[in-house]
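S.K.: Have a look at the structure that comes next, please.
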């Protein structure tokens, strides 16, 4: 009779009961994904990306921000991030980049930030300030104010300035359902920003007409973000959801472990890496383990140090993971390498 107990979260330690026959036990540390929309949009725009992430087994949440103030949107987003269990990857589009920069501050569970055609302000720097020195994008000439200080995009210009690479009918629906942004958000600032201490990724659409692509390049470089340039408009998550989901998954490394015997297991984050520390409970037990990790690159793979026992190690550029089979004690590093 096989007795097993295996639950692993980041920074968790546990023991797996001994067995003499082969049993496949799997534990995964897939981060939750929190998606944050930008101005003139709502959470439903993430639909295609959500479907792709859920298909791969990720837990996904999409915040619905009121867009009435930067502080208010940061607070709303922070509540959703804080409600997640275990590691989290936070994704922000456009103005949502400023929101996640503030909402993720001080949360050790946030393992990565993904900016999608987004503003990435410095602490104490407004969106208006960081935009100085860059030519104004066509979006600015399409903004219309209302009596309450909210801005919205002229419906007749929405397709051209916001999402020229999506069908006109889809853009028209977005124009009709757009959520206006209060103009105070352009001059609001954050007391601290999460990208200072959190690994960051940036998806840069080269045909963005809502934010100057050169401003994107400046912001991404300043944040030391890993940049993926894609041909597309400001709503690249709608015109190319597969590419956007791919980057999000790259920022969300995970590992799974199968073993036939008793191990002490620890999952410890180290930058963008995850390390399995494997220890046999009995040195005479027949032990093997097979670990698989996503988000590898063939050039980044290298055998971990083996404490004892046999090993097999392999990498393939055609497969999205490296694998390791061992017997005896070992350490296995697993995750996304920059």
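Residue numbers (the working numbering): 2 to 339. Even for Gly, the Cβ is constructed at its ideal location relative to N, Cα and C.
Would residue 151 and residue 184 be called neighbours here (beta carbons separated by less than 9 Å)?
M.R.: Indexing the chain shown from 1 puts residue 151 at position 150. Indexing the chain shown from 1 puts residue 184 at position 183. Cβ atoms of residue 151 and residue 184: closer than 9 Å.
S.K.: By alpha-carbon positions, which one of 84, 123, 241, 79 ends up nearest to residue 164?
M.R.: As a position in the chain shown, residue 164 is number 163, starting the count at 1. Minimum Cα distance to residue 164 is reached at 241.
S.K.: Along the chain, where does the beta strand (DSSP E) that runs through residue 151 open and close?
M.R.: By 1-based counting over the chain shown, the position of residue 151 is 150. Taken as a continuous stretch (DSSP letters only), the beta strand (DSSP E) holding residue 151 covers 151-154.
S.K.: Which one of 113, 73, 49, 234 has the shortest CA to CA distance from residue 89?
M.R.: Counted from its first residue, the chain shown places residue 89 at position 88. Selected option, being the one with the closest Cα: 113.
S.K.: Does the stretch 47-63 come into contact with the stretch 118-133, if we say contact requires no fewer than three beta-carbon pairs (one atom in each stretch) closer than 8 Å?
M.R.: Contact fails: fewer than three Cβ-Cβ distances are below 8 Å.
S.K.: Over what stretch of residues does the alpha helix (DSSP H) that includes residue 216 continue unbroken?
M.R.: Looking up residue 216 in the chain shown gives position 215. Residue 216 -> alpha helix (DSSP H) spans 214-223.
S.K.: Cβ of residue 132 within 8 Å of any heavy atom in the ligand FMN?
M.R.: The ligand FMN is not part of this structure, which contains no ligands at all.
S.K.: Is there contact between the stretch 37-45 and the stretch 93-111, where contact requires at least three CB pairs shorter than 8 Å?
M.R.: Contact between the stretch 37-45 and the stretch 93-111 is established, with three or more Cβ pairs separated by less than 8 Å.
S.K.: Go through its chain and collect everything with a Cβ distance to residue 193's Cβ below 6 Å, but skip five positions before and after it.
M.R.: Residue 193 sits at position 192 when you count from the first residue of the chain shown. Here the set comprises 106, 124.
S.K.: Going by DSSP, which residues form a beta bridge with residue 227?
M.R.: In the chain shown, the residue the question calls residue 227 occupies position 226. DSSP, once it has assigned bridges, lists 202 as partnering residue 227.
S.K.: Below 8 Å, how does it come out for the stretch 140-147 and the stretch 215-232: are there three or more Cβ pairs, yes or no?
M.R.: no
S.K.: Going by beta carbon distance, what residues of the same chain come within less than 6 Å of residue 69, once the five residues before and after it are set aside?
M.R.: The sequence position of residue 69 within the chain shown is 68, counting from 1. Closer than 6 Å at the Cβ level, and outside the excluded window around residue 69, lie 183.
S.K.: Which residue or residues does DSSP assign as beta-bridge partners of residue 236?
M.R.: Within the chain shown, residue 236 is the residue found at index 235, counting from 1. Bridge partners of residue 236: none, in fact.
S.K.: For residue 1, count neighbouring Cβ atoms within 10 angstroms of its own Cβ and tell me buried if that reaches 16, exposed if not.
M.R.: The displayed coordinates of the chain run from 2 to 339. Any statement about residue 1 would go beyond what the structure contains.
S.K.: Taking just the CA atoms, how far does residue 136 sit from residue 361?
M.R.: A question about residue 361 goes unanswered here, because the residues of the chain that appear run from 2 up to 339.
S.K.: Rounded to whole angstroms, how far is the Cβ of residue 172 from the Cβ of residue 34, which I believe are closer than 8 Å?
M.R.: For this step, residue 172 is matched to residue 171 along the chain shown. For this step, residue 34 is matched to residue 33 along the chain shown. Rounded, the Cβ-Cβ distance is 26 Å, inconsistent with contact.
S.K.: Rank 82, 168, 205 by C-alpha distance to the C-alpha of residue 110 and give the top, closest one.
M.R.: In the chain shown, counting from the first residue as 1, residue 110 sits at position 109. Answer by Cα proximity: 82.
S.K.: Only counting the same chain, and skipping five residues up and downstream in sequence, which positions put a Cβ closer than 7 Å to that of residue 57?
M.R.: For the purposes of this step, residue 57 is taken as residue 56 along the chain shown, with counting starting at 1. Same-chain partners within the cutoff: 250.
S.K.: Can you find the residues in the same chain that come closer than 7 Å, C-beta to C-beta, to residue 230, ignoring five residues on each side of it along the sequence?
M.R.: Taking the chain shown and counting its residues from 1, the one referred to as residue 230 is at position 229. Around residue 230, the same chain offers 205, 207 as residues with beta carbons nearer than 7 Å, after the five sequence neighbours per side are excluded.
S.K.: Helix, strand or coil for residue 146, going by three-state DSSP, please let me know.
M.R.: The sequence position of residue 146 within the chain shown is 145, counting from 1. Here residue 146 sits in strand by DSSP.
S.K.: Distance check for residue 149 and residue 238, CA to CA, integer angstroms please.
M.R.: Position 237 of the chain shown, counting from 1, holds the residue named residue 238. Position 148 of the chain shown, counting from 1, holds the residue named residue 149. So the alpha carbons of these two residues sit roughly 30 Å apart.
S.K.: I believe residue 159 touches residue 175 by the beta-carbon criterion, under 8 Å. Please report the beta-carbon distance rounded to the nearest angstrom.
M.R.: Residue mapping note: residue 159 aligns to position 158 of the chain shown, counting from 1. Residue mapping note: residue 175 aligns to position 174 of the chain shown, counting from 1. Their Cβ separation, rounded to whole angstroms, is 7 Å, which keeps residue 159 and residue 175 in contact under 8 Å.
S.K.: Taking the alpha helix (DSSP H) that residue 160 falls in, what are its first and last residues?
M.R.: By one-based count along the chain shown, residue 160 stands at place 159. Per DSSP, residue 160 belongs to the alpha helix (DSSP H) from 159-163.
S.K.: Would DSSP call residue 317 helix, strand or coil?
M.R.: Counted from its first residue, the chain shown places residue 317 at position 316. Here the model assigns residue 317 a pLDDT of 35, short of 50, so the residue's position is not dependable, and the following value carries that caveat. Residue 317: coil per DSSP, three-state reduction.
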